[in-house]
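Read through the structure below, which is laid out as structure tokens, and then see the notes.
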Amino acid sequence: MTIWDDIRQKALMKYQWGKVIAVTGRLGSGKTEFLLNLASAFKTIDEDVTVVDVDITNPYFCVREIAAKLQKEGYRVVTPPGETKWSDLPLVSSEVHYAIMQDNRVLLDIGGDEKGALALTQLLPEIEQQDHSILYVVNPFRPMSSTEEDITRLKNGIERTSGLSIDGIICNPHLGSETSSEDIVSGYEVVKSYSIQNNVPLYYLSTLTSNYHDVVNRVKDITVWPLTRKILMPWERSEV
Numbered sequence: 003m004t005i006w007d008d009i010r011q012k013a014l015m016k017y018q019w020g021k022v023i024a025v026t027g028r029l030g031s032g033k034t035e036f037l038l039n040l041a042s043a044f045k046t047i048d049e050d051v052t053v054v055d056v057d058i059t060n061p062y063f064c065v066r067e068i069a070a071k072l073q074k075e076g077y078r079v080v081t082p083p084g085e086t087k088w089s090d091l092p093l094v095s096s097e098v099h100y101a102i103m104q105d106n107r108v109l110l111d112i113g114g115d116e117k118g119a120l121a122l123t124q125l126l127p128e129i130e131q132q133d134h135s136i137l138y139v140v141n142p143f144r145p146m147s148s149t150e151e152d153i154t155r156l157k158n159g160i161e162r163t164s165g166l167s168i169d170g171i172i173c174n175p176h177l178g179s180e181t182s183s184e185d186i187v188s189g190y191e192v193v194k195s196y197s198i199q200n201n202v203p204l205y206y207l208s209t210l211t212s213n214y215h216d217v218v219n220r221v222k223d224i225t226v227w228p229l230t231r232k233i234l235m236p237w238e239r240s241e242v
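So the sequence shown is numbered by the numbering used here: it starts at 3 and just counts up by one.
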């Protein structure tokens, strides 16, 4: 187990988690990366983890891109079937419903707007039968989530469409590879203010491992989650 695995495991144990964990967030928020890191943390405590891709908003840069790799690492992976895999059709397979009811720990990757929340609507009867946690990943440097008003609007839209309440926020401020510690801290202040004003729990401040130690030294009032990249951009893959 790496030092990052150890830190994530300790961060994980701060909360009581539902058997089903849905992670939502707009394109560019980093919600899929956070979901995969969360899945990895559960694996370090020897849990059987099922990762389910039901992002009907953006079929790229998501779980289905690395499904084979995740399966080799010991995860059960559920992605859209057949020809629907690379479409953005609002279809949820019967295998997803089965996983929610039967598997041990299920992590759902959900699109972060009202269209994405339609997937949760289809799964509502099964989710409501299980202990569940709904997380919303916010990158305050992305359009439509850069202000407290934007964050509120998106959160309310997801809850209204899905019929489920968001349990906690993950603050993941980033500007891609150019992100500095100053960026992370300034972005955190926006999301922290939203959390306080709206009484929505802020679970973690998430940052890449390269910035982790500096951010921890600057921010003392939140647990910092060290994020390890799992999904590479096409130009990054060619360099590996």
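Think of the CB as a built atom: it goes at the ideal place given N, C-alpha and C, for glycine as much as any other residue.
Between the alpha carbons of Ala119 and Cys173 lies a distance of about 20 Å. Going by C-alpha positions, Ala69 is about 14 Å away from Leu109. Sequence-distant partners of Ser188 (beyond 5 residues in either direction) whose C-beta falls short of 8 Å from its own C-beta, in its chain, are Pro175. Within the same chain, Trp19, Gly20, Ile23 and Asp169 come within 6 Å of Ser135 by CB-CB distance, once the 5 residues on both sides are set aside. Contact between the region 153-160 and the region 189-200 is present: 3 or more CB-CB pairs across the two stretches fall below 8 Å.
Beta bridge pairing from DSSP links Pro228 with Thr209. Beta bridge pairing from DSSP links Arg107 with Val51. In this structure, the straight-line span from the alpha carbon of Asp111 to that of Glu191 is close to 26 Å.
The alpha-carbon separation between Ile9 and Leu137 amounts to approximately 20 Å. A residue is called buried when at least 16 other Cβ atoms come within 10 angstroms of its Cβ; Arg28 meets this threshold and is buried.
Of the candidates Thr211, Leu204 and Thr123, Leu204 places its Cα closest to the Cα of Thr225. Each residue's CA atom was taken as its position, placing Leu207 and Val218 some 10 Å apart. Residue state for His215 is assigned as helix, using DSSP reduced to three classes.
Take the alpha-carbon of Glu49 and the one of Val80: they are about 17 Å apart.
According to DSSP, Tyr138 shares a beta bridge with Thr26 and Ile171.
The continuous beta strand (DSSP E) containing Val79 extends over residues Arg78 to Val80. Buried is the label assigned to Asp55, since at least 16 other Cβ atoms lie within 10 Å of its Cβ. Comparing alpha carbon positions, the residue from Ile233, Asp223, Ile186 and Lys232 closest to Asp216 is Ile186. For Leu125, the enclosing alpha helix (DSSP H) begins and ends at Glu116 to Glu130.
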